[in-house]
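Chemist:
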Amino acid sequence: MKIVITDCDHDSLAEERAVADAAGAELLLAPSAAAADVVAAATGADALVVQYARVDADLLDALPTVRAVGRYGVGVDTVDVDACTARGVAVCNVPDYGTESVSDHAIALALAAARRIAWMDRRVRAGAGELAPLRPVHQFGGRVFGVVGLGLIGAATARKAAGLGYRVVATDARRAPGTTVDGVEVVTLDDLLARAHVVSLHVPLTEGTRHLIGAAELARMRPDAVVVNTSRGGVLDTAALADALRAGRLHGAGLDVFEEEPLPPGHPLATLDTAVLTPHLAWYSEESYGELKRRTVQNVVDVCAGRPPADVLNPEALGTPAGGRR
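Numbering (the working numbering), first residue to last: 86 to 411.
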């Protein structure tokens with residue numbers, strides 16, 4: 086069994102090698118994510134493991150022995166799942182490895198933005214510490230925390246927000262308004278935007294969710310509200326958000342993801358004291374990092390060994406011998 090990692094920014098492949106060695110598999114790292122380098126390294130390979138590299142029909146056709154593609158992470162934006170399915174190639178992600186870490190980070194961003202922690206830190210370092218510019222800041226108890234998307238991470242964020250004393254409401258495409266899920270009231274998006282002091286986004290990026298929160302939605306929010314995004318940058322119209330923050334129409338924002346990553350130097354968001362920004366690392370903790378690496382490789386090992394993997398996006402591809410391409 087031959088597994089090729091197309092690209093990754095990890096400092097070590099020890100976790101991946103341990104899984105591969107236990108399966109008697111050869112594990113290689115391509116010299117770059119460029120298609121030509123991937124093809125050269127992965128000729129004859131049974132599986133690919135990718136972080137940012139694109140996997141499309143042309144690449145798959147150049148690698149007819151590949152039976153599985155494993156993605157480091159939850160999203161598979163760079164993998165053409167339909168092309169994989171058509172060729173009998175299983176696509177595996179790790180949908181829940183970062184549930185605790187990302188929800189921790191969402192809460193941390195919400196609290197930092199609501200309490201203006203980063204802004205106060207900069208003021209102290211500059212020798213200032215007066216109260217007047219900080220006002221108003223409120224305690225959390227009794228305020229409303231809105232969760233957009235009640236998947237694994239959204240549900241974990243809701244649980245943690247409730248533990249801080251927030252009244253939690255949520256909206257979810259799979260849940261009817263007026264119902265309750267684990268003590269969380271399900272409402273419409275419009276209702277959530279009108280009521281919530283924190284709006285935390287936890288939905289995948291699709292054509293239906295692109296700019297789910299745009300200028301019109303931001304205008305419906307409370308002026309003392311905070312927006313948090315740890316999902317995908319495109320879910321939130323960041324230009325509209327920057328305008329709203331600059332005009333003082335929102336209290337603040339906490340963002341770990343952006344429409345363009347890394348955030349370009351001089352981006353309007355980077356100039357705003359009311360925005361707390363982190364570099365798409367909400368997923369990271371030592372615990373989640375190790376789990377991600379192990380499970381990504383284990384998924385493709387299982388596919389290649391003829392076992393059902395723990396996580397697969399296109400189960401219809403399982404059991405198909407390389408899509409009948411050989």
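C-beta: ideal position from N, C-alpha, C; glycine also.
Measure the CB-CB distance between Y157 and S373 and report whether it falls below 8 Å.
Modeler: Contact: no.
Chemist: Quick one: residues in its chain with C-beta nearer than 7 Å to the C-beta of G214, no 5 flanking neighbours on either side, listed in chain order?
Modeler: Excluding sequence neighbours, G214 sits near R208.
Chemist: May I ask you to report which of helix, strand or coil DSSP gives E344?
Modeler: Looking at E344 - three-state DSSP - the assignment turns out to be coil, as it is neither helix nor strand.
Chemist: Does the region 384 to 395 touch the region 113 to 124, meaning 3 or more C-beta pairs lie closer than 8 Å?
Modeler: Verdict: no, contact absent.
Chemist: Do you know offhand how far D75's Cα is from L335's?
Modeler: For residue 75 there is no data in the structure shown, the boundaries of the chain being 86 and 411.
Chemist: Using 8 Å as the limit for Cβ to Cβ distance, is V209 near chain C?
Modeler: Protein chain content of the structure displayed is limited to a single chain, and chain C is not contained in it.
Chemist: Tell me the DSSP secondary structure of S316 in three-state form.
Modeler: The answer is coil: DSSP assigns S316 none of H, G, I, E or B.
Chemist: Going by beta-carbon coordinates alone, are A175 and N399 separated by less than 8 Å?
Modeler: Contact: yes.
Chemist: Taking the CB atoms as reference points, tell me whether N384 and V342 lie closer together than 8 Å.
Modeler: Not closer than 8 Å, so no.
Chemist: According to DSSP, which residues form a beta bridge with T256?
Modeler: Answer is V233, bridged to T256.
Chemist: Could you name the residues of the same chain whose beta carbon sits closer than 6 Å to that of R252, not counting the 5 residues immediately before and after it, in chain order?
Modeler: These residues qualify, in order along the chain: V229.
Chemist: Could you compute how far the alpha carbon of A255 sits from the alpha carbon of V232?
Modeler: Approximately 5 Å, taken between the alpha carbons.
Chemist: Please report the distance separating the alpha-carbon of G408 from that of A168.
Modeler: Residue confidence for G408 is low, a pLDDT of 43 falling below 50, so the modelled location carries little weight and cannot support an answer.
Chemist: Taking the alpha-carbon positions, what's the R442 to L321 distance?
Modeler: Outside the displayed span of the chain (86 to 411) sits residue 442, for which this structure offers no information.
Chemist: Among D122, I192, A197, which one has its Cα closest to the Cα of L144?
Modeler: Nearest C-alpha to L144: D122.
Chemist: List the DSSP bridge partners of K87.
Modeler: Its beta-bridge partners are E111.
Chemist: Would you report the Cα separation of P349 and V361, rounded to the nearest angstrom?
Modeler: Distance between the alpha carbons of P349 and V361 is about 15 Å.
Chemist: Nearest by alpha-carbon distance to D309: which of R220, K378, L237, V187 is it?
Modeler: Closest option to D309, Cα to Cα, is R220.
Chemist: Can you tell me whether H282 is buried or exposed? The criterion is at least 16 other CB atoms within 10 Å of its CB, across all chains shown.
Modeler: Buried: at least 16 other Cβ atoms inside 10 Å.
Chemist: Tell me the rounded alpha-carbon separation between V140 and G236.
Modeler: Cα to Cα, V140 sits roughly 26 Å from G236.
Chemist: Pick out whichever of S285, L403, G351 has its Cα sitting closest to the Cα of L196.
Modeler: The shortest Cα separation from L196 among S285, L403, G351 belongs to S285.
Chemist: Expressed to the nearest angstrom, what Euclidean distance is found between the alpha-carbon atoms of D189 and A127?
Modeler: Whole-angstrom Cα-Cα distance: 37 Å.
Chemist: Give the straight-line distance between the Cα atoms of A105 and V179, rounded to the nearest whole angstrom.
Modeler: Straight-line Cα distance between these residues: approximately 17 Å.
Chemist: What's the gap between the Cα of A211 and the Cα of L357?
Modeler: Looking at the two C-alpha atoms, the distance is approximately 16 Å.
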